[in-house]
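For the sequence shown, our numbering begins at 1164 and goes up steadily by one.
Cβ coordinates follow ideal geometry from the N, Cα and C atoms, glycine included.
Each remark here refers to the structure printed beneath this line.
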Amino acid sequence: MQQTEWIRSLRAVRQFSDREIPSEVLRDILDTGRWTGSSKNTQPWDLVVVRNRDTLRALSKCGAFAGHIAGAALGIALVMHGDDAWTCMDEGRLMQNLMLAAWAHGVGTCIGSIYPADNEQRARDLLGIPKNRYLRTVLSVGYPTGPEALRLPPNAPVPRGRRPLEDVVNWDRLGNRNP
1164 MQQTEWIRSL
1174 RAVRQFSDRE
1184 IPSEVLRDIL
1194 DTGRWTGSSK
1204 NTQPWDLVVV
1214 RNRDTLRALS
1224 KCGAFAGHIA
1234 GAALGIALVM
1244 HGDDAWTCMD
1254 EGRLMQNLML
1264 AAWAHGVGTC
1274 IGSIYPADNE
1284 QRARDLLGIP
1294 KNRYLRTVLS
1304 VGYPTGPEAL
1314 RLPPNAPVPR
1324 GRRPLEDVVN
1334 WDRLGNRNP
């Protein structure tokens, strides 16, 4: 139970301190991501670690919900080798493992979605990504400013908490709530 409680403690962090991420911590985060499972073990990704402040600011303007990238200690761009359903699934798996690996070190992350197509092209140009690769996600990475960075502000337009388990789980057929 202790491990699953820790997994449930993961939060999106959008407010980062100026504290630098030690190289051994960053290496462990990246190495843990490298071990993510993928369809047929294709490992259809490359990671680009972005530390340049100007590049982080430019990437933060490449998506409606990417502004937090500008204030992060660094960004990790997930460069995918394909655009099919399997690769998209692998991208999600990779993203979550990187986020959990960072959280294990007390480092916060948040997903920055890179879209629409013209923004993706700008981001690709910034990072030197060729046409046969895809860039939809940049994780902002850094130590949270403090406990307030782990909570939604009172006026946030998003729901708090999670739906009850009984409202999420169906047994044998959708709509069957009783096991």
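Check	Outcome
Proximal residues to M1258 (C-beta, below 8 Å), its chain only, five neighbours per side dropped	L1241, I1274, T1300 and L1302
Residues that DSSP places opposite W1208 in a beta bridge	M1243
Residue-chain proximity (L1337, chain D), Cβ-Cβ < 8 Å	In summary, chain D is missing from the structure at hand, where a single protein chain is found.
Bridge partner(s) assigned by DSSP for A1236	DSSP output for A1236 lists no bridge partner at all.
Whole-angstrom C-beta distance between S1202 and M1243, which should lie under 8 Å	Not quite, the Cβ-Cβ distance comes to about 12 Å (not below 8 Å), so this is no contact.
Beta-carbon proximity list for R1182, same chain, < 6 Å, skipping 5 on both sides	Y1306
Pick from K1294, G1255, A1265 and W1208 that is closest to A1236, judged by C-alpha positions	A1265
Cα-Cα separation, D1330 to A1312	29 Å
Spatially closest choice to Q1206 from L1173, I1232 and G1245, by CA coordinates	G1245
Range of the contiguous alpha helix (DSSP H) that encloses P1196	A small correction: the amino acid at residue 1196 is Gly; Pro does not occupy that position in the sequence shown. Residues S1186 to R1197.
Three-state secondary structure (DSSP) of R1326	coil
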